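Numbering (our numbering), first residue to last: 66 to 410. Here's the structure, in structure tokens; my notes come after.
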């Protein structure tokens with residue numbers, strides 16, 4: 066196996082970065098350290114306001130903002146969007162991304178719990194440039210959560226493939242694609258009326274799964290507490306393709322009691338940790354969705370979710386395990402979590 070090459074500064078300087086933060090200084094510090102290694106020339110930092118009924122939020126939000134602004138010690142233009150009101154984990158990130166693309170035609174998006182490898186930045190920057198004018202491409206993912214990504218590909222293996230799946234734990238896109246984002250999913254009823262939904266998801270199981278998720282977001286509590294389902298729908302409804310790396314380039318370090326959607330630090334879901342990717346990239350010869358690969362990964366996803374649900378139910382029936390020692394907890398916090406898909410329930 067060839068030794069992965071670290072990204073070249075020239076490739077990364079071409080892609081601005083949006084870092085979305087809130088009230089978690091510890092994971093933010095680790096993600097910022099990864100951004101510092103990439104040294105983007107332009108960094109956008111968006112922070113939602115403290116929640117009014119959470120007494121520790123104001124101090125923790127202020128600490129998080131301060132460490133980010135103080136931590137930029139390389140030549141970089143920093144733009145900030147520090148909100149005084151709390152928009153929540155749906156409108157907050159969605160508004161931050163829209164703000165980012167009001168300033169930039171393309172770029173990389175990271176949230177405060179998405180820890181990238183060094184090669185993630187070069188991967189995104191090179192593909193943003195390569196597919197800049199190809200409107201078939203709408204999303205570049207840093208994630209590959211499939212079993213096949215655990216092992217490096219053989220000699221001559223392609224560095225990425227084209228997919229219909231949209232994972233958003235570290236990703237990149239273009240303003241031309243984000244303009245299709247609709248937080249309220251207003252297009253969904255019209256597509257249903259026209260009978261166009263089978264075209265979006267030809268497979269019955271995938272269609273039932275995703276349309277149930279989209280409809281739950283559209284008709285659920287307002288404002289929605291998510292934004293990534295809406296982005297997945299925007300890509301699918303516009304016939305867009307996503308790029309998935311051959312190996313997983315970003316891991317989620319946000320599990321814990323202060324997380325919004327990822328509470329279970331033991332939910333392994335059988336997907337790989339983050340790895341570096343070898344350069345130069347090996348590009349697929351044609352721009353076509355790998356439908357067979359997507360179907361296999363979707364089956365893996367369903368099996369992983371069923372297994373995780375069974376484990377949680379079993380855990381409720383068993384005595385609680387003793388709390389880990391301080392040394393064990395410290396060691397665990399120094400390793401990558403093994404998260405489930407960002408779009409998982």
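Where is the CB? At the ideal position from N, CA and C, for every residue including glycine. Every value quoted in this text rests on a predicted model; they were computed, and no experiment measured them.
Which partner residues of residue i appear in the DSSP bridge assignment?
i, result
"residue 226", "309"
"residue 179", "317"
"residue 137", "Answer by DSSP bridge pairing: none, since residue 137 is not bridged."
"residue 164", "Looking at the DSSP assignment, residue 164 forms no beta bridge with any residue, so it has no partner."
"residue 238", "172"
"residue 109", "83, 144"
"residue 204", "307"
"residue 361", "For residue 361, which the question treats as bridged, DSSP gives no partner whatsoever."
"residue 354", "227"
Taking Cβ positions, are residue i and residue j nearer each other than 8 Å?
i, j, result
"residue 246", "residue 156", "no"
"residue 153", "residue 97", "no"
"residue 81", "residue 191", "no"
"residue 369", "residue 214", "no"
"residue 359", "residue 230", "yes"
"residue 171", "residue 193", "yes"
"residue 318", "residue 95", "yes"
"residue 349", "residue 226", "yes"
"residue 217", "residue 99", "no"
"residue 197", "residue 239", "yes"
"residue 347", "residue 221", "yes"
"residue 179", "residue 235", "yes"
In this structure, does DSSP put residue i in helix, strand or coil?
i, result
"residue 145", "strand"
"residue 191", "helix"
"residue 375", "helix"
"residue 285", "coil"
"residue 263", "helix"
"residue 129", "helix"
"residue 327", "Only weak support is given to the placement of residue 327: the predicted model assigns it a pLDDT of 46, under 50, and the value that follows is read from those uncertain coordinates. The answer is coil: DSSP assigns residue 327 none of H, G, I, E or B."
"residue 116", "coil"
"residue 291", "coil"
"residue 219", "coil"
"residue 369", "helix"
"residue 102", "helix"
"residue 93", "helix"
"residue 274", "helix"
"residue 185", "helix"
"residue 157", "helix"
"residue 414", "Absent from the model: residue 414. The displayed extent of the chain is 66 to 410, so no value can be given."
"residue 341", "coil"
"residue 382", "helix"
"residue 122", "helix"
"residue 245", "coil"
"residue 258", "helix"
Among the residues of its own chain, which have a CB less than 6 Å from the CB of residue i, if the five just before and after it don't count?
i, result
"residue 143", "108, 137"
"residue 126", "88, 115"
"residue 258", "none"
"residue 145", "110"
"residue 289", "155, 282"
"residue 84", "110, 175"
"residue 93", "86, 129, 177"
"residue 237", "173, 189, 193, 205"
"residue 166", "240, 243"
"residue 158", "85, 292"
"residue 122", "88, 115, 116"
"residue 388", "Note that residue 388 scores a pLDDT of 49, beneath 50, so its modelled location is shaky; the value from the coordinates is reported in the next line. Result list for residue 388: empty, nothing under 6 Å."
Counting only the same chain and skipping the five closest in sequence on each side, list residues whose C-beta sits under 7 Å from that of residue i.
i, result
"residue 365", "211, 212"
"residue 295", "246, 247, 248, 250, 282"
"residue 270", "none"
"residue 160", "152"
"residue 279", "250, 253, 294, 298"
"residue 363", "271"
So, for residue i: in the same chain, excluding its five sequence neighbours on each side, which residues have a beta-carbon less than 8 Å away from its beta-carbon?
i, result
"residue 256", "262, 265, 302"
"residue 101", "136, 137, 138, 139"
"residue 201", "304, 305, 306, 352"
"residue 90", "125, 128, 129, 132"
"residue 163", "243, 246"
"residue 134", "110, 143, 145"
Beta carbon of residue i: closer than 7 Å to some heavy atom of the ligand FMN?
i, result
"residue 167", "In the structure shown, the ligand FMN is absent, as is every other ligand, since no ligand is present at all."
Can you confirm whether the region 247–266 touches the region 298–315 when touching is taken to mean that 3 or more C-beta pairs between the two stretches lie within less than 8 Å?
Three or more Cβ pairs closer than 8 Å define a contact, and the region 298–315 meets that threshold against the region 247–266.
Can you find at least 3 beta carbon pairs, one from the region 178–195 and one from the region 145–152, that sit closer than 8 Å?
no
Examine the Cβ distances between the region 303–310 and the region 201–209 and report whether three or more of them are shorter than 8 Å.
yes
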